[in-house]
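Structure record follows, encoded as structure tokens.
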Amino acid sequence: MAIQTENDVVTQARRDWMSLLAKAPEDRLLALWADYGAAPAFDWLRRPEIGAVMVRGRMGGTGAPFNLGEMTVTRCALTLADGTVGHGYVQGRGKPKAEVAALIDALMQTPEAGALRAAILDPLAGTMDAASTARAARAAATKVDFFTLVRGED
Amino acid sequence: MYVAVKGGERAIENAHAWLAEERRGDTAVAELSIAQIREQLALAVNRVMAEGSLYDPDLAALAIKQARGDLIEAIFLIRAYRTTLPRFGATRPVATGEMACDRRISATFKDAPGGQVLGPTFDYTHRLLDFKLAAEGEVAKAPTAAPRNEPTPHITAFLRGEDIIQREPDSEATPGDLTRTPMSYPAGRDIRLQSLARGDEGFLLGLAYSTQRGYARNHAFVGELRIGTVAVEMEIPELGFTIEIGEVELTECETVNQFAGSKTEPPQFTRGYGLVFGQTERKAIAMALVDRALRWRELGEDDLGAAAQDEEFVLSHSDNIQATGFLEHIKLPHYVDFQSELELVRKLRREAEANVAKQNAGNEDAGKEASQ
Numbered sequence: 001m002a003i004q005t006e007n008d009v010v011t012q013a014r015r016d017w018m019s020l021l022a023k024a025p026e027d028r029l030l031a032l033w034a035d036y037g038a039a040p041a042f043d044w045l046r047r048p049e050i051g052a053v054m055v056r057g058r059m060g061g062t063g064a065p066f067n068l069g070e071m072t073v074t075r076c077a078l079t080l081a082d083g084t085v086g087h088g089y090v091q092g093r094g095k096p097k098a099e100v101a102a103l104i105d106a107l108m109q110t111p112e113a114g115a116l117r118a119a120i121l122d123p124l125a126g127t128m129d130a131a132s133t134a135r136a137a138r139a140a141a142t143k144v145d146f147f148t149l150v151r152g153e154d
Numbered sequence: 155m156y157v158a159v160k161g162g163e164r165a166i167e168n169a170h171a172w173l174a175e176e177r178r179g180d181t182a183v184a185e186l187s188i189a190q191i192r193e194q195l196a197l198a199v200n201r202v203m204a205e206g207s208l209y210d211p212d213l214a215a216l217a218i219k220q221a222r223g224d225l226i227e228a229i230f231l232i233r234a235y236r237t238t239l240p241r242f243g244a245t246r247p248v249a250t251g252e253m254a255c256d257r258r259i260s261a262t263f264k265d266a267p268g269g270q271v272l273g274p275t276f277d278y279t280h281r282l283l284d285f286k287l288a289a290e291g292e293v294a295k296a297p298t299a300a301p302r303n304e305p306t307p308h309i310t311a312f313l314r315g316e317d318i319i320q321r322e323p324d325s326e327a328t329p330g331d332l333t334r335t336p337m338s339y340p341a342g343r344d345i346r347l348q349s350l351a352r353g354d355e356g357f358l359l360g361l362a363y364s365t366q367r368g369y370a371r372n373h374a375f376v377g378e379l380r381i382g383t384v385a386v387e388m389e390i391p392e393l394g395f396t397i398e399i400g401e402v403e404l405t406e407c408e409t410v411n412q413f414a415g416s417k418t419e420p421p422q423f424t425r426g427y428g429l430v431f432g433q434t435e436r437k438a439i440a441m442a443l444v445d446r447a448l449r450w451r452e453l454g455e456d457d458l459g460a461a462a463q464d465e466e467f468v469l470s471h472s473d474n475i476q477a478t479g480f481l482e483h484i485k486l487p488h489y490v491d492f493q494s495e496l497e498l499v500r501k502l503r504r505e506a507e508a509n510v511a512k513q514n515a516g517n518e519d520a521g522k523e524a525s526q
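Line by line, the protein sequences are chains P and F.
Here the numbering used here is used: the first residue of the first sequence is 1, the next is one more, and so on.
Here the numbering used here is used: the first residue of the second sequence is 155, the next is one more, and so on.
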């Protein structure tokens with residue numbers, strides 16, 4: 001049971017970094033990767049491939065699913081020299097983005113994880129949080145404050 | 155006899171070359187970049203993504219540039235590109251209740267939790283041309299306030315608590331996909347919503363407006379309109395777990411409509427639903443109205459013979475790429491078809507003329523006889 005929990009934690013952590021990489025702005029990810037300066041040797045399991053996934057919604061927001069439309073996704077898979085497998089599944093048509101995401105996914109499973117998190121994942125999350133907070137703050141400023149007019153009665 | 159003719163290759167090549175030149179326009183004027191279209195004509199980009207049925211802002215911007223701003227032509231380009239992509243799978247249904255809202259308004263509840271958030275709307279602008287935009291200038295920073303951290307709940311969730319609005323059935327059934335299976339009627343609501351989500355904004359606007367004017371009776375309130383981004387989750391087959399594979403901007407409209415009730419069920423509000431890629435609120439509201447009108451059968455309403463109630467009429471004419479394909483093909487060479495029609499008309503005319511001549515001759519004879 002304890003092993004199961006540990007696996008869950010590992011899986012959760014991997015889900016989190018893969019989700020972050022999938023949504024990351026390509027320019028920012030590639031710039032951070034370039035600054036990190038790693039060039040690990042790897043073999044392709046699957047070269048970057050552009051495709052689509054069907055995005056689903058729910059009727060009335062909460063009911064049965066329906067197909068809303070597709071979005072572009074690029075995926076690839078690779079192995080590092082030590083045999084670690086990395087998967088890249090990213091939004092958009094960026095083959096370099098998918099490759100870097102797969103390399104980071106692989107390296108995050110190695111002792112390099114800490115350095116990589118500090119150099120790439122944390123700054124990336126910071127950039128993305130700042131962008132969404134900036135939007136939320138603008139939205140908050142457009143929230144209506146209702147007030148009741150004083151009626152002209154004595 | 156059918157005679158195939160060939161020709162026009164050079165004329166076509168030269169037409170394409172001129173098209174490219176016209177697309178570029180006056181070279182003394184700076185060329186538009188894809189990023190400029192994506193950032194500054196975002197609502198056109200959104201429409202192309204929604205009706206092209208492919209979420210990719212850069213691709214939609216490219217299509218708009220290539221199509222010289224003809225949005226239906228741009229949608230055509232996106233649809234054509236879409237068919238070349240391998241399908242990696244389907245996502246989990248997006249959780250619109252978790253949306254990071256840029257805009258969220260309700261026409262039914264003033265004091266809805268989460269409030270009335272206007273977002274970057276045209277609504278209260280005066281619709282006067284702003285000549286300041288004709289000159290270059292810095293844009294003032296929009297004011298900010300303390301951001302909301304928790305998700306904004308759906309308005310219908312409050313009505314659901316009272317059971318005063320129809321519940322959406324819980325289901326995880328795999329929805330039908332009109333891009334994979336030809337349409338057949340009657341279509342399920344899953345197929346109708348997919349079709350409406352990619353349908354032509356103008357056509358749906360007209361149909362929705364017709365329901366408001368009394369063609370199909372269902373007075374709608376906008377229970378909620380929200381625009382913002384949601385994460386898109388998908389299970390990765392190789393890994394056996396779900397990741398957020400991206401995020402998309404969506405517009406969601408829920409309408410609250412006239413009540414229905416029966417002997418077994420007390421009166422309840424009914425609902426219509428619109429969900430569209432991008433900031434596309436006119437389309438989302440229209441979609442919700444048309445969705446509601448098409449639900450007449452399941453809600454036990456009368457068929458009033460209104461266009462918006464006629465599923466086959468709505469779904470087979472809402473796709474602007476199908477429509478424009480058929481409409482525009484009639485300008486292409488139909489020389490052989492027309493030749494046969496031409497000969498037929500000439501023959502009919504000869505026969506008619508001969509008949510008239512014969513009749514006139516007969517009349518003259520009759521006239522002579524009468525005068526004698």
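Note that CB positions come from ideal geometry on N, CA and C, so glycine has one too.
For clarity, every value in this text was computed on a predicted model and none was experimentally measured.
* To do: Name the two residues that bound the continuous alpha helix (DSSP H) containing P/Tyr36.
  => Along the first sequence, read from residue 1 onward, the residue named residue 36 of chain P stands at position 36. P/Tyr36 -> alpha helix (DSSP H) spans 26 to 36.
* Asked: Is there a Cβ from chain F that is less than 7 Å from the Cβ of P/Met1?
  -> Position 1 of the first sequence, counting from 1, holds the residue named residue 1 of chain P. Because the pLDDT of P/Met1 is 44, which lies under 50, any placement of that residue in the model is unreliable, and the question is left without a value.
* Taking the C-alpha atoms as reference points, what is the distance between P/Phe146 and F/His308? -> Within the first sequence, the letter at position 146 stands for residue 146 of chain P. Within the second sequence, the letter at position 154 stands for residue 308 of chain F. When rounded, the distance between both Cα atoms is 20 Å.
* **Given P/Asn67 as reference, the closest of F/Arg380, F/Gly342, F/Asp284, F/Glu392 once Cα atoms are compared** => Translated into the one-based positions of the first sequence, residue 67 of chain P becomes position 67. P/Asn67 has its Cα closest to that of F/Gly342, out of F/Arg380, F/Gly342, F/Asp284, F/Glu392.
* Hey, does F/Leu429 have any beta-carbon neighbour from chain P nearer than 7 Å? -> As a first step, residue 429 of chain F must be located in the second sequence, where it is residue number 275. By this cut-off, F/Leu429 is an interface position.
* To do: Return the bridge partner residues of F/Ala244 from the DSSP annotation.
  => Within the second sequence, numbered from 1, the residue matching residue 244 of chain F stands at position 90. Looking at the DSSP assignment, F/Ala244 forms a beta bridge with P/Met54.
* Asked: Under the DSSP definition of a beta bridge, which residues are partnered with P/Gln91?
  -> Residue numbering aside, residue 91 of chain P sits at position 91 when the first sequence is read from its first letter. DSSP output for P/Gln91 lists P/Val73 as bridge partner(s).
* With a CB to CB cut of under 6 Å and the five nearest residues on each side skipped, what residues in its chain are close to P/Pro40? -> Taking the first residue of the first sequence as position 1, residue 40 of chain P is located at position 40. Contacts found: Leu80.
* **Per-residue burial, F/Phe230 [other beta carbons within 10 Å of its own, 16 or more giving buried]** => By 1-based counting over the second sequence, the position of residue 230 of chain F is 76. Per the 10 Å Cβ criterion, buried.
* Using the beta-carbon of each residue, which ones in chain P are nearer than 8 Å to F/Val402? -> As a working mapping, residue 402 of chain F is identified with position 248 in the second sequence. Going along chain P in sequence order, the residues near F/Val402 (Cβ under 8 Å) are Val55, Met71.
* Starting from the N-terminal side, write out each stretch of the alpha helix (DSSP H) that is 4 residues or longer and does not extend beyond the region 400 to 475 of chain F. => 435 to 448, 465 to 471
* **Unbroken stretches of the beta strand (DSSP E), 3 residues or longer, contained in the region 315 to 397 of chain F** => 374 to 390
* When the Cα atoms are used, what is the spatial distance from P/Pro96 to P/Gly88? -> Numbered from 1 along the first sequence, position 96 holds the residue referred to as residue 96 of chain P. Numbered from 1 along the first sequence, position 88 holds the residue referred to as residue 88 of chain P. Between P/Pro96 and P/Gly88, the C-alpha separation is close to 10 Å.
* Among residues of its own chain, excluding the 5 on either side of P/Ala98, which ones have a beta-carbon nearer than 7 Å to its beta-carbon? -> In the first sequence, residue 98 of chain P corresponds to position 98, counting from 1. Correct list, in chain order: Pro48, Thr74, Arg75, Cys76, Gly88, Val90.
* To do: With F/Ile259 as the anchor, note down where its beta strand (DSSP E) starts and where it stops.
  => Locating residue 259 of chain F in the second sequence gives position 105, counting from the first residue. From DSSP, the beta strand (DSSP E) with F/Ile259 extends over 254 to 259.
* Neighbour list for P/Ala52 in chain F, Cβ cutoff strictly below 8 Å -> Residue mapping note: residue 52 of chain P aligns to position 52 of the first sequence, counting from 1. Taking the beta carbon of P/Ala52 as reference, the chain F residues within 8 Å of it are Leu208, Arg236, Leu239, Pro240, Arg241, Phe242, listed in sequence order.
* Do the region 399 to 417 of chain F and the region 375 to 384 of chain F meet, that is, are 3 or more Cβ pairs less than 8 Å apart? -> yes
* Asked: Under 7 Å between C-beta atoms, does F/His308 make it to chain P?
  -> Residue mapping note: residue 308 of chain F aligns to position 154 of the second sequence, counting from 1. Answer yes: the Cβ-Cβ gap between F/His308 and chain P drops below 7 Å somewhere.
* Asked: Checking contacts by CB at 7 Å: is F/Phe276 closer than that to chain P?
  -> Locating residue 276 of chain F in the second sequence gives position 122, counting from the first residue. Answer no: the Cβ-Cβ gap between F/Phe276 and chain P never drops below 7 Å.
* Asked: Of all the options P/Thr11, P/Arg58, P/Pro25, P/Val9, which has the alpha carbon lying nearest to the alpha carbon of P/Gly94?
  -> Taking the first sequence and counting its residues from 1, one reaches residue 94 of chain P at position 94. Looking at the Cα atoms, P/Pro25 is the closest of the given residues.
* In this structure, what does DSSP give as the bridge partners for P/Thr79? -> By 1-based counting over the first sequence, the position of residue 79 of chain P is 79. When beta bridges are read from the DSSP output, P/Thr79 appears opposite P/Asp43, P/Val85.
* Asked: Is F/Glu355 closer than 7 Å to F/Lys485 when the C-beta atoms are compared?
  -> Position 331 of the second sequence holds residue 485 of chain F. Position 201 of the second sequence holds residue 355 of chain F. Their beta carbons are not under 7 Å apart, which means F/Lys485 does not touch F/Glu355 by this criterion.
* Between which two residues does the alpha helix (DSSP H) containing F/Ile191 stretch? -> Mapped onto the second sequence, residue 191 of chain F falls at position 37. Element bounds for F/Ile191: 188 to 194.
* To do: From the DSSP output, in three-state form, read off P/Pro48 for me.
  => Reading the first sequence from its first residue, position 48 is the one you call residue 48 of chain P. In this structure, P/Pro48 counts as strand in the three-state DSSP scheme.
* Asked: Who are the neighbours of F/Lys264 on chain P, taking C-beta pairs under 7 Å?
  -> Against the second sequence, residue 264 of chain F aligns to sequence position 110. In chain order: Phe146.
* Asked: Cβ of P/Thr62 less than 7 Å from any chain F Cβ?
  -> Here residue 62 of chain P refers to the residue found at position 62 of the first sequence. Interface residue, yes.
* Taking the C-alpha atoms as reference points, what is the distance between F/Thr434 and F/Asp491? -> Counted from its first residue, the second sequence places residue 434 of chain F at position 280. Counted from its first residue, the second sequence places residue 491 of chain F at position 337. In a straight line, the C-alpha of F/Thr434 is about 42 Å away from that of F/Asp491.
* C-alpha gap between F/Ala440 and F/Tyr363, whole angstroms -> For the purposes of this step, residue 440 of chain F is taken as residue 286 along the second sequence, with counting starting at 1. For the purposes of this step, residue 363 of chain F is taken as residue 209 along the second sequence, with counting starting at 1. Taking the straight line from one Cα to the other gives about 8 Å.
* Alpha carbon to alpha carbon, how far is F/Gly273 from P/Thr11? Give it in angstroms, no decimals. => Position 11 of the first sequence holds residue 11 of chain P. Position 119 of the second sequence holds residue 273 of chain F. Rounded to whole angstroms, P/Thr11 to F/Gly273 spans 37 Å at the Cα level.
* Could you work out which residue in P/Ile104, P/Gln109, P/Ile50 is closest to F/Arg241 when comparing CA atoms only? => Residue numbering aside, residue 241 of chain F sits at position 87 when the second sequence is read from its first letter. Per the Cα distances, P/Ile50.
* May I ask you to report which of helix, strand or coil DSSP gives P/Leu116? => By one-based count along the first sequence, residue 116 of chain P stands at place 116. Residue state, collapsed to three classes: helix.
* **Sequence-distant residues of its chain with Cβ nearer than 7 Å to F/Gly400 (five each side left out)** => Taking the second sequence and counting its residues from 1, one reaches residue 400 of chain F at position 246. If we look at F/Gly400 and ignore the five residues flanking it on each side, its Cβ neighbours are Val386.
* Asked: Roughly how many whole angstroms lie between the Cα atoms of F/Ala171 and F/Gly162?
  -> By 1-based counting over the second sequence, the position of residue 171 of chain F is 17. By 1-based counting over the second sequence, the position of residue 162 of chain F is 8. Approximately 14 Å between the Cα atoms of the pair.
* Asked: Per DSSP, what kind of secondary structure is F/Phe480 in: helix, strand or coil?
  -> If you number the second sequence from 1, residue 480 of chain F lands on position 326. F/Phe480 falls in the helix class under three-state DSSP.
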